[in-house]
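Comments concern the structure below.
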Amino acid sequence: MPQHLFLSGTARAGTSALVNILNQHNHILIGQERYFKKFRQNTIRRAHFEQDRFLDVRADDTHEHGGLFLPRRRQRFKNAAYVGDKYPPMFRHLDHVLAEFPKARHIYILRNPLSVAESYEARFQDPKDSWTLDWRAGLAAWNDSVARIAALTEAQLQQFLFVQYEEIYASTRAINALFTRLGLSNLEPEALAPFAEKFTSLNTKLVPRRDDIRAAVARDADWSAYKQLCLLMPPPLRNSTEDHP
Numbered sequence: 037m038p039q040h041l042f043l044s045g046t047a048r049a050g051t052s053a054l055v056n057i058l059n060q061h062n063h064i065l066i067g068q069e070r071y072f073k074k075f076r077q078n079t080i081r082r083a084h085f086e087q088d089r090f091l092d093v094r095a096d097d098t099h100e101h102g103g104l105f106l107p108r109r110r111q112r113f114k115n116a117a118y119v120g121d122k123y124p125p126m127f128r129h130l131d132h133v134l135a136e137f138p139k140a141r142h143i144y145i146l147r148n149p150l151s152v153a154e155s156y157e158a159r160f161q162d163p164k165d166s167w168t169l170d171w172r173a174g175l176a177a178w179n180d181s182v183a184r185i186a187a188l189t190e191a192q193l194q195q196f197l198f199v200q201y202e203e204i205y206a207s208t209r210a211i212n213a214l215f216t217r218l219g220l221s222n223l224e225p226e227a228l229a230p231f232a233e234k235f236t237s238l239n240t241k242l243v244p245r246r247d248d249i250r251a252a253v254a255r256d257a258d259w260s261a262y263k264q265l266c267l268l269m270p271p272p273l274r275n276s277t278e279d280h281p
């Protein structure tokens with residue numbers, strides 16, 4: 037049986053993109069909120085990650101956009117060293133998840149609170165988007181997430197790998213460093229370059245400036261918990277002329 041691997045953080049912190057990157061490795065099979073409803077209801081069980089059940093996506097498992105979006109899923113499962121799911125607000129359900137999956141590995145992605153709040157607001161203001169949560173909801177969720185993770189015991193934190201949003205997508209070396217931390221082989225830079233290039237293009241995209249949002253985040257974000265989690269990050273990679281991009 038593969039080891040369980042769970043990905044979380046907050047909404048608008050890059051969890052979906054990281055799932056797509058992790059699934060580039062043929063020894064990883066991660067769902068895109070495959071069991072959204074089970075996590076939310078605290079009914080997720082180890083049996084949900086056995087092969088036949090995991091590959092059988094049912095209506096009461098997730099929402100219309102959740103599931104497994106990979107070809108050759110049965111073969112991928114057989115090859116997998118890790119099988120799991122991503123659920124951004126897992127911080128609200130960690131008591132259940134840690135008890136049910138005591139040997140699972142977790143990846144927690146941390147994004148700065150200003151960008152999270154601005155991303156919430158951008159979707160909230162988009163008339164074509166069904167998103168209903170504004171920047172205030174984003175900041176509240178972010179504060180709740182970092183505070184709960186920072187309050188975990190030392191033993192619980194040993195199950196977690198922490199990655200910084202602003203660094204993990206910036207280069208192929210940063211992505212491969214995460215595979216190394218998972219005990220897996222690295223992928224060819226050419227296979228990962230499109231993800232780093234997409235991040236670079238998104239990072240140059242202008243968003244409307246709201247000084248009221250920036251002031252509120254500066255005042256009300258839980259910077260103490262944020263700094264505590266930053267200390268759990270791996271050291272920054274040195275620049276390399278062989279890096280992409």
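Residue numbers (my numbering): 37 to 281. Note that CB positions come from ideal geometry on N, CA and C, so glycine has one too. These numbers come from a predicted model, not from an experiment.
A residue is called buried once 16 or more other Cβ atoms fall within 10 Å of its Cβ, and Ser166, having fewer, is exposed. Short of 6 Å from the beta carbon of Glu154, and not among the five residues preceding or following it, lie these beta carbons of its own chain, in chain order: Val243.
Apart from sequence neighbours up to five positions away, the residues of its chain that approach Gln68 with a beta-carbon distance below 7 Å are Ser52, Val55, Gly102, Gly103, Phe105 and Lys122, ordered along the chain. Annotation for Ile66: Leu41, Leu43, Val55, Leu58, Asn59, Gly120, Asp121 and Lys122 place their beta carbon closer than 7 Å to its own, counting only its chain and skipping 5 residues before and after.
Boundaries of the beta strand (DSSP E) around Ser44: Gln39 to Ser44.
Look at the segment 39–113 and you find these whole runs of alpha helix (DSSP H), each 4 residues long or longer: 51–58, 72–76 and 87–90.
Counting along the chain, Leu265 sits inside the alpha helix (DSSP H) bounded by residues Trp259 to Cys266.
Pairwise C-beta distances place the segment 246–256 in contact with the segment 157–175, as three or more of them are shorter than 8 Å. Secondary-structure assignment with DSSP links Lys122 through a beta bridge to Leu43 and Gln68.
Bridge partners of Phe196 according to DSSP: His142.
Put simply, the backbone Cα of Phe196 is about 30 Å away from that of Ala158. Straight across, the Cα-Cα distance linking Leu134 with Ala140 is about 8 Å. Contact check for Ile64 against Tyr71 fails: the beta carbons are separated by 8 Å or more.
Per DSSP, the unbroken alpha helix (DSSP H) holding Ala254 starts and ends at Asp247 to Asp256.
Annotation: Phe127 to Asp180 spans about 8 Å, alpha carbon to alpha carbon. Collapsing the DSSP output to three states places Ser221 in coil.
DSSP, read as helix, strand or coil, puts Asp131 in helix. Sorting Asp248, Ser260 and Val152 by C-alpha distance to the C-alpha of Leu169 places Val152 at the top. The residues Asp96, Asp97 and Thr98, in chain order, have a CB closer than 7 Å to that of Lys73 in the same chain once the five nearest residues on each side in sequence are set aside. In the three-state reduction of the DSSP assignment, Leu228 falls in the helix class. The criterion of a C-beta distance shorter than 8 Å is satisfied by Arg209 and Leu273.
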